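According to mature numbering (1 follows the signal peptide of the UniProt record, and there is no 0), the residues represented by the sequence shown are -30 to -1, 1 to 393, in order. Backbone N, C-alpha and C fix where the C-beta goes; we use that ideal spot for every residue, glycine too. As the structure is a prediction and not an experimental result, all values here were calculated from the model. The block underneath contains the structure these notes are about, expressed in structure tokens.
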Amino acid sequence: MKRKNGRFGVINFVLSLVFLMASFVVPARAQQIGVKTDTGIKKEGVTVRPDNNSPTGYTATFVYKNSTATKVEFYGQFTFARTGQDYPNTSVTSYTPYQWTKDMFPLTSAVYQEAMTKVKGTDFWTISMPLPSGGYPYSYVVDGTKVADPANMPITNVNGGKQTLSMAYIPFDKQKQVTDYSYVLPKEGAKTGKVSFVKYSTKGLLTTDLQPLGIYLPFGYDANRTEPYKVIYLSHGGGGNESDWFNTGSAANIMDNLIAEKKTEPAIVVTMDNSAFGWNFVNINKNMMENIIPYMESHYNVSKNVKDRAFAGLSMGALTASNLYYAHPTDFGYFGIFSGANAALDLTKNTDALRTPKLFVGAGCYDMAYYNLGFNSDKYTLKFLEMLDANSIPYQFQLANGAHDWFTWPQLFDTFAKNIVWK
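Structural data, given as structure tokens:
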């Protein structure tokens, strides 16, 4: 496929400014809307079709309808990096979709922007590009204003945390691609879980007392089932909210696929808005233990057994997870710490308790929270691992293809839900 003239930005590794936006939703995740890719009438949205001429085996076509726009640009996280480099000492070079080769993986922390073409005689603006498997956040820039795809709206809490990026999902072609990231794709068929948003009381911890929770209930959830459900609590990162994990993180899709393939048990996933606490970890921990967990146990068929309870978080949420792990190691059976940690914790204290839960730590190979890439690096994950080793605290670790971004974190959640919890 011929390369087009695109514009793509340098990777932004600022911890508190990662793309953590939210979106709309409930039962089914927002999906692509069909569009014909020939010269006939086009419909709005994004269509992904097999394409023998595409280096990835697939071509994604995006169509936006606007009768008054004078300029529309395609804006998204569609850049790529090569595998097998000397990650600790290599500056990150990013490539466009038209430069993709099978030794590359997505960098969703880097931005790609390209002008869309208006179809003559219509109100449609369009662009097509080859993409490998995975989930890709995108939007349109209409005369300078960024908008989500109206035909493929993001999963958002209408009464809480909003999302501004739609999601495009691309399948895996085993003939042309090396690594399969299609586990983030919406599961086909009717047997999918449901995402909803509710309010709970913080009991005076915040001025705005009622705060949101995002809740995924697996397909077939039974409020009267004899065996109560296990729960995974998930925290977003800096600047994020309770809908991040269900939109950009594709957590519900991942759970649907793992459950259908019998790779994990049907479990409930709960997300919260920790940004509301200004990352006051003492109050976040108190709210978790005294408000969120009791709310779930009183409103849903949830197990009260510590071995049936897990917590994970990304970036600032990883600091949350590490602080919760330190303060309440025996109140959870599993902790997931993704792209960050509190490296100031004194792990020489209460070591026996800290060895009790199953601990999973992960980061991206181009992650500022792991390696020193020459800019904005804190290496908190690496420092935390050194502390665990020094105190003989067991853990499992994964270095994923990716950066400090929404390509890395779904990989880590997939591993956490598949290989760590309930094991």
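Leaving aside the five residues that flank T290 on each side, the residues in its chain whose CB is nearer than 7 Å to its CB run, in chain order, S205, N244, F251, I254, G283. Apart from sequence neighbours up to five positions away, no residue of its chain approaches N22 with a beta-carbon distance below 6 Å. Here P327 is not near Y296, since their CB atoms are 8 Å or more apart. Between N223 and G131, the beta carbon gap of about 19 Å keeps them out of contact (Cβ cut-off 8 Å). A residue is called buried once 16 or more other Cβ atoms fall within 10 Å of its Cβ, and H269, having fewer, is exposed. S171 and Y106 have their C-alpha atoms spaced approximately 34 Å apart.
It is roughly 13 Å from the alpha-carbon of R325 to the alpha-carbon of M357. In this structure, A370 places its C-beta atom within 8 Å of the C-beta atom of C335.
Here E356 carries a helix assignment [DSSP, helix/strand/coil]. Secondary structure note for Y82: its beta strand (DSSP E) is the uninterrupted segment 82 to 85.
In the DSSP assignment, N371 falls within the beta strand (DSSP E) that extends over 366 to 373. Counting only runs of 3 or more residues that sit fully inside the segment 158 to 223, the beta strand (DSSP E) segments are 164 to 171, 180 to 187, 200 to 205, in chain order. Looking at the DSSP output, S109 bridges to Y45. By the neighbour-count criterion, in which a residue is buried when 16 or more other Cβ atoms sit within 10 angstroms of its Cβ, F302 is buried. Annotation for I254: the continuous alpha helix (DSSP H) segment containing it runs 251 to 257. Going by C-alpha positions, P156 is about 8 Å away from D226. Within the DSSP bridge table, the entry for I238 names V201 as partners.
Under the DSSP definition of a beta bridge, M99 partners with A30.
Taking all protein chains shown into account, G190 has fewer than 16 neighbouring C-beta atoms within 10 Å of its C-beta and is therefore exposed. In the structure shown, K35 falls within a strand segment according to DSSP collapsed to helix, strand and coil. Rounded to whole angstroms, the separation of the alpha carbons of Y350 and K232 is 34 Å. Contact check for F94 against K164 fails: the beta carbons are separated by 8 Å or more.
Taking one beta carbon from each stretch, the segment 38 to 55 and the segment 170 to 186 have fewer than 3 pairs nearer than 8 Å; the two do not touch.
Counting the other Cβ atoms within 10 Å of the Cβ of L180 gives fewer than 16, which makes it exposed. For T321, the CB contacts under 6 Å within the same chain, skipping 5 residues up- and downstream, are N361 in chain order. Closest option to P67, judged by alpha-carbon separation, among K88, Y45, S61: Y45. With a 10 Å radius around the Cβ and a threshold of 16 neighbouring Cβ atoms, R195 comes out exposed. For T218, the CB contacts under 6 Å within the same chain, skipping 5 residues up- and downstream, are P107, W376 in chain order. T300 and P20 have their C-alpha atoms some 49 Å from each other. Assignment of P264 by DSSP, reduced to helix, strand and coil, places it in the helix class.
A313 carries a coil assignment under DSSP once its states are collapsed to helix, strand and coil. DSSP, read as helix, strand or coil, puts L289 in helix.
In this structure, I185 places its C-beta atom within 8 Å of the C-beta atom of V240. Taking the C-beta atoms as reference points, Y28 is found nearer than 8 Å to V18. Our two residues, L355 and F142, have alpha carbons roughly 33 Å apart in a direct line.
With a contact defined as Cβ atoms closer than 8 Å, S213 and T126 qualify at about 6 Å.
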